[in-house]
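Here's the structure, in structure tokens; my notes come after.
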Amino acid sequence: MENSMDEEKVSARRFELATAPVARTRLDVFRDGIKKFQKKHSEVLGATVYGSMVKGEKAKATSDVDAFLYIDADVITDKNKLQNQRLLENEYRSELLRDLGISEAEAHGLYKDLIPKILSDEVLDKNIEANIEYENALGKMDSEEPTPPTDNFEIAGMFHARVGAGIEKYRKSFLEKLMMLPDRKMAEAIWMGIYAQIETLEAGDKKRKVPATLEEALQTYHPELYKSIIQQKDNQVIEKLKNRIGLIY
4 MENSMDEEKV
14 SARRFELATA
24 PVARTRLDVF
34 RDGIKKFQKK
44 HSEVLGATVY
54 GSMVKGEKAK
64 ATSDVDAFLY
74 IDADVITDKN
84 KLQNQRLLEN
94 EYRSELLRDL
104 GISEAEAHGL
114 YKDLIPKILS
124 DEVLDKNIEA
134 NIEYENALGK
144 MDSEEPTPPT
154 DNFEIAGMFH
164 ARVGAGIEKY
174 RKSFLEKLMM
184 LPDRKMAEAI
194 WMGIYAQIET
204 LEAGDKKRKV
214 PATLEEALQT
224 YHPELYKSII
234 QQKDNQVIEK
244 LKNRIGLIY
């Protein structure tokens, strides 16, 4: 079966597909199932996978599929369904498992950590707003320990090994929104929270480097924007040099 899962890289290979035959077959069936599910539902962005299934030899015959299933709210035609997003998310999950031929017993075992999430720019905006409130609350000595936004888990999940390119839309949108924040330190703090979630789910393997800064995240997930920012900085430096030596062009 063709190996078509995208591999995100920073300075070293971060993901390696399962090598154990049973685990690899389970992963390949899931990947192919996602692609077929996308053809069936245009609103399905794809999935991301973390855990032992993308850690090479660490995957065993009994390893489960740790994954997020992402759905694009913008493409859902019946907007009434979005009134109960949790119910709708579970419906997508159940249908995917049925299409994969997964029994209830297997679903509660090998696919218990398959988490569906509906995404939209509004969802990302609310997450960033909640993170700003959280970070501000952390700085108040007289306040109780604040609770991080509950959906940081699913937002961070966008940045694991992807199955299907659809998730790129919201990866890039999230990073663009962070870069547009007037407070760069706040943007960095929010990414650090996402980074911590990614590290936790990927078990902190030191050999597999997760982008720790917003700049590294841009390099990895939004190289076009990163290059544009670098070019803008270079142009600013050139203009400063022109002004300094008094040249008129």
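For the sequence shown, the numbering used here begins at 4 and goes up steadily by one.
Cβ atoms here follow ideal geometry from the backbone N, Cα and C, with glycine treated the same way.
| I193 versus K143 - alpha carbon distance | Your numbering for residue 193 matches position 190 in the sequence shown. Your numbering for residue 143 matches position 140 in the sequence shown. Answer to the nearest angstrom: the Cα atoms are 17 angstroms apart.
| said: Contact defined as beta carbons within less than 8 angstroms: I believe S123 pairs with A76. What is the distance between those atoms, to the nearest angstrom? | reply: Within the sequence shown, the letter at position 120 stands for residue 123. Within the sequence shown, the letter at position 73 stands for residue 76. In this structure S123 touches A76 by the C-beta definition: roughly 4 angstroms separates them, less than 8 angstroms.
| query | For D116 versus D154, is the C-beta spacing smaller than 8 angstroms? | reply | Sequence index remark: in the sequence shown, residue 116 carries index 113 (1-based). Sequence index remark: in the sequence shown, residue 154 carries index 151 (1-based). With contacts defined by Cβ atoms closer than 8 angstroms, D116 and D154 do not form a contacting pair.
| request: Can you tell me which of the three DSSP states V78 falls into? | output: For the purposes of this step, residue 78 is identified with residue 75 of the sequence shown, where counting begins at 1. The DSSP-derived three-state label of V78 is coil.
| query | If you run the structure through DSSP and keep just helix, strand and coil, what is R89? | reply | Residue mapping note: residue 89 aligns to position 86 of the sequence shown, counting from 1. R89: helix per DSSP, three-state reduction.
| Entirely enclosed alpha helix (DSSP H) segments - the stretch 173-221, minimum 4 residues | Fully enclosed alpha helix (DSSP H) runs of 4 or longer: 187-204.
| message | What would DSSP say about E10, mapped onto helix, strand or coil? | response | Residue mapping note: residue 10 aligns to position 7 of the sequence shown, counting from 1. Residue confidence for E10 is low, a pLDDT of 41 falling below 50, so the modelled location carries little weight and cannot support an answer.
| message | Within the continuous beta strand (DSSP E) that includes K120, where are the two ends? | response | Here residue 120 refers to the residue found at position 117 when the sequence shown is read from its first residue. First-last of the beta strand (DSSP E) with K120: L117 to L122.
| query | Cβ of G49 within 7 angstroms of any heavy atom in the ligand MN? | reply | What this structure holds is no ligand at all, so the ligand MN is not there to describe.
| query | What is the residue span of the alpha helix (DSSP H) that R17 lies within? | reply | Residue numbering aside, residue 17 sits at position 14 when the sequence shown is read from its first letter. Neither: R17 is in no alpha helix (DSSP H) and is coded neither H nor E.
| task | Go ahead and pull the three-state DSSP assignment for V68. | result | Position 65 of the sequence shown, counting from 1, holds the residue named residue 68. Taken through DSSP and simplified to helix, strand or coil, V68 comes out as coil.
| field | Selection from T80, I79, L30 and V47 that minimises the alpha carbon distance to V57 | value | Within the sequence shown, numbered from 1, the residue matching residue 57 stands at position 54. It is L30.
| If you check the beta carbons only, do T216 and E191 fall under 8 angstroms apart? | Residue mapping note: residue 216 aligns to position 213 of the sequence shown, counting from 1. Residue mapping note: residue 191 aligns to position 188 of the sequence shown, counting from 1. Yes. Within cutoff.
| Any chance the stretch 149-163 sits against the stretch 124-133, with 3 or more Cβ pairs inside 8 angstroms? | The count of Cβ pairs closer than 8 angstroms, one atom from the stretch 149-163 and one from the stretch 124-133, reaches three, so the stretches are in contact.
| request: Taking only the alpha-carbon atoms, compute the straight-line gap between K63 and A23 and give it to the nearest angstrom. | output: The count along the sequence shown starts at 1 and reaches residue 63 at position 60. The count along the sequence shown starts at 1 and reaches residue 23 at position 20. Distance between the alpha carbons of K63 and A23 is about 6 angstroms.
| field | Alpha-carbon to alpha-carbon, T65 and E5 | value | Here residue 5 refers to the residue found at position 2 of the sequence shown. Here residue 65 refers to the residue found at position 62 of the sequence shown. Confidence is the limiting factor: at E5 the pLDDT is only 42, short of 50, which leaves the residue's position unreliable, though a coordinate-based value still follows. If you draw a straight line from the Cα of E5 to the Cα of T65, it comes to about 23 angstroms.
| Cβ contact check for the stretch 99-113 and the stretch 131-143: 3 or more pairs under 8 angstroms | The way I'd put it, the stretch 99-113 doesn't touch the stretch 131-143; fewer than three beta-carbon pairs between them come closer than 8 angstroms.
| message | What would DSSP say about K58, mapped onto helix, strand or coil? | response | Here the question's residue 58 lines up with position 55 in the sequence shown. Strand.
| message | Only counting the same chain, and skipping five residues up and downstream in sequence, which positions put a Cβ closer than 7 angstroms to that of Q200? | response | Sequence index remark: in the sequence shown, residue 200 carries index 197 (1-based). In the same chain as Q200, and ignoring 5 residues on each side of it, the C-beta atoms closer than 7 angstroms to its own belong to N155, F156 and A159, in chain order.
| Using a C-beta cutoff of 8 angstroms, does R27 count as contacting chain B? | Structure shown: chain B not included; a single protein chain is present.
| query | Looking only at DSSP bridge pairs, what is T51 linked to? | reply | For this step, residue 51 is matched to residue 48 along the sequence shown. BP columns for T51 point to F71 and R165.
| Taking just the CA atoms, how far does Y198 sit from D35? | Here the question's residue 35 lines up with position 32 in the sequence shown. Here the question's residue 198 lines up with position 195 in the sequence shown. Each residue's alpha carbon lies about 28 angstroms from the other.
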